[in-house]
Amino acid sequence: MFAPYLEAVRTRAPLIHNITNYVTANDCANLLLACGASPIMADDPAEVSEVQAVCAGLHLNLGTLHTGTVPALLAAGRTANTLGHPVVLDPVGVGVSALRGRTARQLLEELRITVIRGNLSEIKTLARGSGTAHGVDAADALTEATLDTVLPLVKDLARRTGAVVAVSGGIDLVTDGETAYCIRNGCAMMRQVTGTGCQLSALTAAFVAASPDYPLEAAAAAVCAMGLCGEIAQSRLAPGEGNAALRGRIIDAMYNLTPPQLEEGARYETR
Amino acid sequence: MFAPYLEAVRTRAPLIHNITNYVTANDCANLLLACGASPIMADDPAEVSEVQAVCAGLHLNLGTLHTGTVPALLAAGRTANTLGHPVVLDPVGVGVSALRGRTARQLLEELRITVIRGNLSEIKTLARGSGTAHGVDAADALTEATLDTVLPLVKDLARRTGAVVAVSGGIDLVTDGETAYCIRNGCAMMRQVTGTGCQLSALTAAFVAASPDYPLEAAAAAVCAMGLCGEIAQSRLAPGEGNAALRGRIIDAMYNLTPPQLEEGARYETR
Amino acid sequence: MFAPYLEAVRTRAPLIHNITNYVTANDCANLLLACGASPIMADDPAEVSEVQAVCAGLHLNLGTLHTGTVPALLAAGRTANTLGHPVVLDPVGVGVSALRGRTARQLLEELRITVIRGNLSEIKTLARGSGTAHGVDAADALTEATLDTVLPLVKDLARRTGAVVAVSGGIDLVTDGETAYCIRNGCAMMRQVTGTGCQLSALTAAFVAASPDYPLEAAAAAVCAMGLCGEIAQSRLAPGEGNAALRGRIIDAMYNLTPPQLEEGARYETR
Numbered sequence: 217m218f219a220p221y222l223e224a225v226r227t228r229a230p231l232i233h234n235i236t237n238y239v240t241a242n243d244c245a246n247l248l249l250a251c252g253a254s255p256i257m258a259d260d261p262a263e264v265s266e267v268q269a270v271c272a273g274l275h276l277n278l279g280t281l282h283t284g285t286v287p288a289l290l291a292a293g294r295t296a297n298t299l300g301h302p303v304v305l306d307p308v309g310v311g312v313s314a315l316r317g318r319t320a321r322q323l324l325e326e327l328r329i330t331v332i333r334g335n336l337s338e339i340k341t342l343a344r345g346s347g348t349a350h351g352v353d354a355a356d357a358l359t360e361a362t363l364d365t366v367l368p369l370v371k372d373l374a375r376r377t378g379a380v381v382a383v384s385g386g387i388d389l390v391t392d393g394e395t396a397y398c399i400r401n402g403c404a405m406m407r408q409v410t411g412t413g414c415q416l417s418a419l420t421a422a423f424v425a426a427s428p429d430y431p432l433e434a435a436a437a438a439v440c441a442m443g444l445c446g447e448i449a450q451s452r453l454a455p456g457e458g459n460a461a462l463r464g465r466i467i468d469a470m471y472n473l474t475p476p477q478l479e480e481g482a483r484y485e486t487r
Numbered sequence: 217m218f219a220p221y222l223e224a225v226r227t228r229a230p231l232i233h234n235i236t237n238y239v240t241a242n243d244c245a246n247l248l249l250a251c252g253a254s255p256i257m258a259d260d261p262a263e264v265s266e267v268q269a270v271c272a273g274l275h276l277n278l279g280t281l282h283t284g285t286v287p288a289l290l291a292a293g294r295t296a297n298t299l300g301h302p303v304v305l306d307p308v309g310v311g312v313s314a315l316r317g318r319t320a321r322q323l324l325e326e327l328r329i330t331v332i333r334g335n336l337s338e339i340k341t342l343a344r345g346s347g348t349a350h351g352v353d354a355a356d357a358l359t360e361a362t363l364d365t366v367l368p369l370v371k372d373l374a375r376r377t378g379a380v381v382a383v384s385g386g387i388d389l390v391t392d393g394e395t396a397y398c399i400r401n402g403c404a405m406m407r408q409v410t411g412t413g414c415q416l417s418a419l420t421a422a423f424v425a426a427s428p429d430y431p432l433e434a435a436a437a438a439v440c441a442m443g444l445c446g447e448i449a450q451s452r453l454a455p456g457e458g459n460a461a462l463r464g465r466i467i468d469a470m471y472n473l474t475p476p477q478l479e480e481g482a483r484y485e486t487r
Numbered sequence: 217m218f219a220p221y222l223e224a225v226r227t228r229a230p231l232i233h234n235i236t237n238y239v240t241a242n243d244c245a246n247l248l249l250a251c252g253a254s255p256i257m258a259d260d261p262a263e264v265s266e267v268q269a270v271c272a273g274l275h276l277n278l279g280t281l282h283t284g285t286v287p288a289l290l291a292a293g294r295t296a297n298t299l300g301h302p303v304v305l306d307p308v309g310v311g312v313s314a315l316r317g318r319t320a321r322q323l324l325e326e327l328r329i330t331v332i333r334g335n336l337s338e339i340k341t342l343a344r345g346s347g348t349a350h351g352v353d354a355a356d357a358l359t360e361a362t363l364d365t366v367l368p369l370v371k372d373l374a375r376r377t378g379a380v381v382a383v384s385g386g387i388d389l390v391t392d393g394e395t396a397y398c399i400r401n402g403c404a405m406m407r408q409v410t411g412t413g414c415q416l417s418a419l420t421a422a423f424v425a426a427s428p429d430y431p432l433e434a435a436a437a438a439v440c441a442m443g444l445c446g447e448i449a450q451s452r453l454a455p456g457e458g459n460a461a462l463r464g465r466i467i468d469a470m471y472n473l474t475p476p477q478l479e480e481g482a483r484y485e486t487r
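Note that the protein sequences, when read in sequence, are chains A, B and C.
Numbered per the working numbering, the first sequence spans residues 217 to 487.
Numbered per the working numbering, the second sequence spans residues 217 to 487.
Numbered per the working numbering, the third sequence spans residues 217 to 487.
What follows is the structure in structure tokens.
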């Protein structure tokens, strides 16, 4: 059932505005191009409203957050809200500093966020003000063992914020507070490539921008697509290759991903 | 006739100062190293004049422009002008915001720009205050069908600014207002790699810095070299590879490009 | 004797806080993941102390330095000093501008730096206020011919600062002012990949954070590991590949590097 969401991205080629960190911006841009969307990065408060106005979606990412960028996050978000463009929030490292925590709360209070996309540690921090912070790449484990405990917490955050919440981990969860997709695509090695989470957030913005009436399904399709590309990429690794090769091959897999391939490769159940 | 311009870069190894966006800075640096030049990135107003003073050329790029960087663009440009170093301006997304439009105009008014390098949409915005803006990677089409209409507009911009103008598209145009090189190197897939335009601007700065008395020919040689590397890169793609692989292979092709290869592969006519 | 230092990184998986330039941040992050550590990049003065508090080491890098980042370098460094975390300083381009020179001096005066890691030109600038600056990638030559002249200068800087000093060049030197490791790993082509120096600085932070009681040996092990990965990467290059391929293969080599491989491949003597 996810094929149409990839088709929509390829057909509509949404322009996605990213206010994001400088560590993984290049990968976000190339992944957006690979899926059929287009990227623009712009974070100066003086121009973000104009930039968002010519775009179809917005990706707000708190990695390498600067105090001076907070007004840009808010201004771009307000323009997106006014124009009905979807907004994806990636609260990178939100538990690590007061600046990131305060900013995430402010964005959730002052904007309508369409999708919150983070790892379990980040989502827990948003949900109940706690979580373990081990950098920006690791997280509390979201596994078969913890799924039943985690699910109500994530659904509750979705209901309270009105946003679809997408949690990345050993299993991925995507829920609007009612339906939850439990997704079993992806591979552990993706965590050893910096920015696969940021890329997924950018991709989610593209998928939701191309199918704005179906944010839950479009976000779940993006999560399946990213995980599937990780699997394809890993299966193509040659001996002696490592996380740098995987990084490129994930983007290449997205470039070549077909809707039928996504349909067939997506592994999920609903709860 | 373009072989000597590549030879000059390899021999003189010009140090190029880039004030550019954080999305594609790494690729610009590696492409400069690949062609035989050296990169330095520095954008704080407090140091750009000193940095430019030890360099041979300047690449000013408006991607991810910050208000606080505008004084750096001007200060570095003034130093380059004083010392007779070539200045390449890449007006990334100039039609998208007032900040970028105002900054581009200010740079053109207050500095002597050696080469303006952009896509057709950006060049049209500079030429007549209009153009369609679809992100930073797409553009109005510069094709056989539109060439005759576009050429006078671009020549006029070159004459009015005193700069060589290089327009990237399906066909590339490089003109000083009198002679125009119409270049048919490159491949469409290069547009799906973020930053090939930024890289070409950095490369142009290296070529012009190595042959400062021949800005038109050196810029045209850079455009041919970049397009040719795109063709070589595409011809080397394996099944399953995509835009991430192309990205690396373009830089690798530049690393291995020989002057005779450029001579033989350059496809252009003058008008 | 260097195998245990790599084992320690793999076992302890130190989280390394990087305040670094936007040109090579992605490569630093992926190399840290490749060696078994984790990265976080954060440079806003408002959050760096909190970020450093959850980390095990700090990498301060002066590339693309911004005036507004100087308080962040100092605040993160003070927190690291208070908590006993190692601090690696990479004085990128320190001879190029007064801003970088002044900042490097201030960091050396106000912080306890564990390791200073730079090329010979940068180290000379710190040691005696001179040096030739040709961008950030090139340097005075550190070769068999200049080794005897350079060694006392570098040892003296180590003694005066109390830091281990690591100098990169044709030969690498790592010294605490008494013992000096002269290391002959690596290959010249690494200089044509932007950011191999920055990556080595990040790697050094990881190695020293994992073995904080042995900063000299851990830093020397990091230098050997990086050089060895450069050799492995070069030996795996296919015809037509260049510096972009080398860039990825270095990180992949680190991902696959085993302690016995490091033990066997490290080429050094002490003086």
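Every residue, glycine too, gets a C-beta built ideally from N, C-alpha and C.
Quick caveat: nothing in here was measured; it's all calculated off a predicted structure.
Neighbour list for residue i in chain A, Cβ cutoff strictly below 9 Å
i         : result
Val267(C) : Gly309, Val312 and Ser313
Under 8 Å between C-beta atoms of residue i and residue j
i         : j         : result
Val390(A) : Ala435(A) : yes
Val304(C) : Val331(C) : yes
Thr236(B) : Cys403(B) : no
Ala469(B) : Leu222(B) : no
Arg328(C) : Asn297(C) : yes
Leu324(C) : Val383(C) : no
Leu247(C) : Ile467(C) : yes
Asn401(A) : Glu360(A) : no
Leu416(C) : Val439(C) : yes
Contact list for residue i against chain A, beta-carbon separation under 7 Å
i         : result
Ala245(C) : Val239 and Thr410
Asp259(C) : Thr280
Rounded C-alpha distance that separates residue i from residue j
i         : j         : result
Ala418(B) : Tyr430(C) : 43 Å
Ala292(C) : Thr283(C) : 15 Å
Ala250(C) : Leu462(C) : 15 Å
Val308(A) : Ile256(C) : 10 Å
Tyr397(C) : Cys445(C) : 18 Å
Ala355(C) : Gln268(A) : For Ala355(C), the predicted model reports a pLDDT of 49, less than 50, meaning its position is unreliable and no value from the coordinates is stated.
Leu373(C) : Ile339(C) : 8 Å
Gly464(A) : Ala421(B) : 28 Å
Asp364(A) : Gly385(A) : 14 Å
His350(B) : Leu231(A) : Annotation note: pLDDT 48 at His350(B) (below 50); position unreliable, no value reported.
Ala224(A) : Leu274(B) : 42 Å
Ala320(C) : Arg376(C) : 15 Å
Asp353(C) : Asn277(C) : Here Asp353(C) scores only 47 on pLDDT, less than 50, and its place in the model should not be relied on; the value that follows carries that caveat. In a straight line, the C-alpha of Asp353(C) is about 14 Å away from that of Asn277(C).
Pro428(C) : Gly300(C) : 9 Å
Ala253(A) : Val310(B) : 20 Å
Tyr238(B) : Asp388(B) : 26 Å
Ala357(C) : Ala241(B) : 27 Å
Arg487(A) : Thr362(A) : 15 Å
Unbroken beta strand (DSSP E) run spanning residue i, endpoints
i         : result
Ser384(A) : Val380 to Ser384
Asn234(B) : Leu231 to Ile235
Enclosing alpha helix (DSSP H) for residue i [first to last residue]
i         : result
Ala435(C) : Pro431 to Ser451
Cys414(C) : Thr412 to Ala426
Leu369(C) : Glu360 to Thr377
Thr227(B) : Ala219 to Arg228
Asp392(C) : Unbroken run through Asp392(C): none, as it is neither H nor E.
Amino acids of chain B, ordered along the chain, whose beta-carbon sits closer than 9 Å to that of residue i
i         : result
Gly443(A) : Correct list: empty, because the minimum Cβ distance to chain B is about 17 Å.
Arg226(A) : Those within 9 Å of Arg226(A) in chain B number zero; the least Cβ separation is about 12 Å.
Gly464(C) : Gly464
8 Å Cβ cut-off: residues of chain A touching residue i
i         : result
Ile467(C) : Gly458, Asn459 and Ala460
Asn335(C) : The premise fails here: Asn335(C) is roughly 23 Å from chain A at the closest Cβ pair, so nothing lies under 8 Å.
Interface partners of residue i on chain C, CB under 8 Å
i         : result
Arg344(A) : Under the 8 Å cutoff, chain C gives no residues; its nearest Cβ is about 19 Å from Arg344(A).
Contacts that residue i makes with chain C (C-beta to C-beta distance below 9 Å)
i         : result
Asn242(A) : Asn242
For this session: Pick out the complete alpha helix (DSSP H) segments inside the stretch 238-277 of chain C, 4 residues or longer, and give them in chain order.
Result: The qualifying runs are 241-251 and 264-269.
Problem set entry | alpha helix (DSSP H) segments (min. 4 residues) lying fully within the stretch 282-346 of chain A | For the stretch 282-346 of chain A, whole alpha helix (DSSP H) runs of length 4 or above, ordered along the chain, are 286-299, 314-326 and 336-344.
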